[in-house]
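Numbering (this note's numbering), first residue to last: 2 to 101.
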């Protein structure tokens, strides 16, 4: 959110774009679809216009598609608390560390 606000304060015409990836899904074994959903939600809430997701390889398209579908199911929720409750109820499982 700070990047969006600073861009506005400086009256920059460019929209803010955030480059991201599988944060917490390597050494910590996080759930990839859940991580994508959380980052997309955070970007939306912060007013970020572009989220560039670096996957490191072309293979995980199904993971991104799964995350987009999950995000679509959350569109009807009206509060952050409710979104969290729905995500917790979905029972996303934590993975194993990839050793990096």
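Note that CB positions come from ideal geometry on N, CA and C, so glycine has one too.
- Residue pairing for residue 51: DSSP places it in a beta bridge opposite 18.
- Excluding its 5 nearest sequence neighbours in each direction, residue 18 has C-beta neighbours in its own chain below 8 Å: 49, 50, 51, 52 and 53, listed in chain order.
- 91 is the residue among 91, 4, 3 and 7 whose C-alpha sits nearest the C-alpha of residue 68.
- Excluding sequence positions up to five before and after residue 30, its CB lies within less than 8 Å of the CB of 95, 96, 97, 98 and 99, all in the same chain and listed in chain order.
- Bounds of any alpha helix (DSSP H) do not take in residue 92, whose DSSP letter is neither H nor E.
- Distances from the alpha-carbon of residue 75 to those of 35, 64 and 63 put 35 closest.
- By the CB criterion at 7 Å, residue 64 and residue 33 fall inside the cutoff.
- By the neighbour-count criterion, in which a residue is buried when 16 or more other Cβ atoms sit within 10 angstroms of its Cβ, residue 45 is exposed.
- For residue 61 and residue 21, the gap between their C-alpha atoms comes out near 15 Å.
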